[in-house]
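Trainee: Here it is, the structure, as structure tokens.
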Amino acid sequence: MNHPHPASHHAAKTTAKPHEHGLAFVPITLFAIVMGMGGMTLATEKAVHFFHWAINPTLFLQWLSAGLFVIFVGLYGYKALRYPAQVKKDFRHPIRINFFPTISISLLLLSLAFKHTAPMVAVGLWGIGAALHLLFSLAIISVWMHYDKLQIMHLNPAWLIPAVGN
Numbered sequence: 000m001n002h003p004h005p006a007s008h009h010a011a012k013t014t015a016k017p018h019e020h021g022l023a024f025v026p027i028t029l030f031a032i033v034m035g036m037g038g039m040t041l042a043t044e045k046a047v048h049f050f051h052w053a054i055n056p057t058l059f060l061q062w063l064s065a066g067l068f069v070i071f072v073g074l075y076g077y078k079a080l081r082y083p084a085q086v087k088k089d090f091r092h093p094i095r096i097n098f099f100p101t102i103s104i105s106l107l108l109l110s111l112a113f114k115h116t117a118p119m120v121a122v123g124l125w126g127i128g129a130a131l132h133l134l135f136s137l138a139i140i141s142v143w144m145h146y147d148k149l150q151i152m153h154l155n156p157a158w159l160i161p162a163v164g165n
């Protein structure tokens, strides 16, 4: 009698189901890219003024960061609408839950990036980002306090992300 190899049995458990699309697995960690781009935009803005650069790439970086944010919101939003169980799974994961505030921190960084070129947009981004960050922080702290499956091995630097925007 042929028995499947244990490794192939494990692989079958971790692969996507035939009816699931690749977008079901869009990672929440994508928003960390926008955080990095937002930080680079702010640093570039300061460098342009400090070093008196003739060419100012700040506007390009602002729009690139904003464009990436819109793309990632679209991708993760699609995932949330089409595969809500996958988003719940992300939120219940002891590591991935800490990356949800990268969405709100991205909004806060974008608000700083656009404060000179589009001040009203910046205020709107800041308001949405601040409110969203408060909600994420409260939800995550609640999970930390009440989730009985958290273990010391789950403690990692990603736990600092929810506190970064406060």
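Residue numbers (numbering that gives the first Met the number 0): 0 to 165. Even for Gly, the Cβ is constructed at its ideal location relative to N, Cα and C. Nothing here was measured: the structure is a model prediction, and the numbers come from that model.
(1) Alpha carbon to alpha carbon, how far is residue 106 from residue 47? Give it in angstroms, no decimals.
(2) Using three-state DSSP, classify residue 45 as helix, strand or coil.
(3) Does the Cβ-Cβ distance between residue 57 and residue 40 come in under 8 angstroms?
(4) For residue 132, name the three-state secondary structure that DSSP assigns.
(5) Taking one C-beta from the region 90 to 108 and one from the region 129 to 149 each time, how about it: are there three or more such pairs within less than 8 angstroms?
(6) Please name the residue, chosen from 23, 45, 30, 146, that lies closest to residue 78 on a Cα-to-Cα basis.
(7) So, using beta-carbon positions, are residue 135 and residue 100 closer together than 8 angstroms?
(8) Mind checking residue 137: buried by the 16 CB within 10 Å criterion, or exposed?
(9) Which residues mark the beginning and the end of the alpha helix (DSSP H) in which residue 56 is found?
(10) Go to residue 163, then tell me how far its alpha helix (DSSP H) extends in each direction, as first and last residue.
Mentor: If we stick to the structure as given:
(1) Those two C-alpha atoms are separated by around 23 angstroms.
(2) DSSP, read as helix, strand or coil, puts residue 45 in helix.
(3) The Cβ-Cβ distance between residue 57 and residue 40 falls below 8 angstroms.
(4) Three-state DSSP puts residue 132 in a helix.
(5) Taking 8 angstroms as the limit for Cβ pairs, the verdict is that the region 129 to 149 does touch the region 90 to 108.
(6) Nearest to residue 78 by C-alpha distance, out of 23, 45, 30, 146, is 23.
(7) It is a contact, given that the beta carbons lie within the stated cut-off.
(8) The residue is exposed, with fewer than 16 neighbouring Cβ atoms inside 10 Å.
(9) Boundaries for residue 56: no alpha helix (DSSP H) harbours it, and the DSSP string shows neither H nor E there.
(10) Looking at the DSSP string, the run of the alpha helix (DSSP H) that includes residue 163 is 160 to 163.
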